[in-house]
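Basically this note's numbering = 1-based index in the sequence shown + 30.
Where is the CB? At the ideal position from N, CA and C, for every residue including glycine.
What follows is a set of notes on a single structure, which appears directly below.
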Amino acid sequence: MANKQSLSQKLIPVSLSAGTIIFDQISKALVVKNIPRLTYFSEAGDGSIINVLGNALRLIHVRNTGAAFSMGNGLPQTLRSILLAIIPLIVIALVFAVYFRNNDFTKTQRWCICGILGGGLGNLIDRFFRPDGVVDFIDCIFFGSIKGVNWPTKGIFSWLSMERWPTFNIADSVIVVCGIIFVITFIVQFAKEKKGNND
């Protein structure tokens, strides 16, 4: 049976949610203010592309009206609003409810959950208050840019051939990092429990 966790133990990791939202929104506001939106007609030298580490890492200003990797961009506006804003908001509320009711999560898992929720809320703010879409601005190279390697161009691993990763933001980064750590903690926890049962 899980030990009862205090409210403070559950509230402290929520600071990561708040920090993620604040940092994410500040970074997006700075991008919107200082970097012209990248379009098909953008030209070199107009300030729409800022090289941070040469061509490897760049800052640009694009908008994403779909989900991850721009999925759902072609959907009607009403359906897109339901699928990408209202439903995620309900899911986030439910996850927060489970987070506070459940005593089985480890400290690491709680921090990861709060990071994921913070990232999700950061992007949801854009969906509700930025009609042009979520602000994405981090642009980096990917495996496909490595010369001399024949990456698969078809099948489930075709994404490895991309020369640049789809543009993302701070919220996306926190979601991915916390999501990976969260899965790893579950795998480690499962392995320990399985080993304990075998002993």
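Of the residues the options, the one placed nearest residue i, counting alpha carbons only
i	options	result
I171	I42, V82, G77	V82
K177	F167, R160, L190	L190
N64	I79, T215, F135, G226	I79
H91	S111, R110, N85, R67	R67
F167	A59, T50, V44	A59
N85	W195, D202, I205, K225	W195
S38	R110, Y129, I122	Y129
K40	A123, Q55, C144	C144
S203	P43, D162, D54, R88	D54
L8	S188, L154, L109, I42	Given a span of 31 to 229 for the chain in the structure shown, any question on residue 8 remains unanswerable.
W141	V61, I205, T183, P161	I205
T108	G148, Q139, L124, P161	P161
Inter-residue Cα distance where the pair is residue i and residue j
i	j	result
G174	E193	4 Å
N227	F135	20 Å
T215	N94	31 Å
L87	D169	6 Å
I51	E223	35 Å
K225	F212	20 Å
T69	F159	21 Å
K137	D156	29 Å
G209	G77	34 Å
A127	T183	42 Å
A48	G163	21 Å
E114	G152	Rather than Glu, the amino acid found at residue 114 in this sequence is Leu. Near 13 Å, if we compare the C-alpha coordinates of G152 and L114.
Nearest-angstrom beta carbon gap, residue j and residue i [assumed within contact, 8 Å]
i	j	result
N133	Q35	5 Å
S231	I200	Residue 231 is absent from the model: the chain starts at 31 and stops at 229.
I122	G150	5 Å
N-terminal and C-terminal residue of the beta strand (DSSP E) that residue i is part of
i	result
R160	Looking at the DSSP string, R160 is not in any beta strand (DSSP E), and its letter there is neither H nor E.
Segment limits, alpha helix (DSSP H) that includes residue i
i	result
N64	44-64
S38	37-41
8 Å Cβ cutoff, residue i in contact with chain C
i	result
G96	Although the question refers to chain C, the structure presented lacks it and comprises just one protein chain.
**OP:** Just list the alpha helix (DSSP H) runs in the segment 77-140, keeping only unbroken ones of 4 residues or longer that don't cross its boundaries, in chain order.
**Re:** Complete alpha helix (DSSP H) runs here, min 4: 107-111, 117-131.
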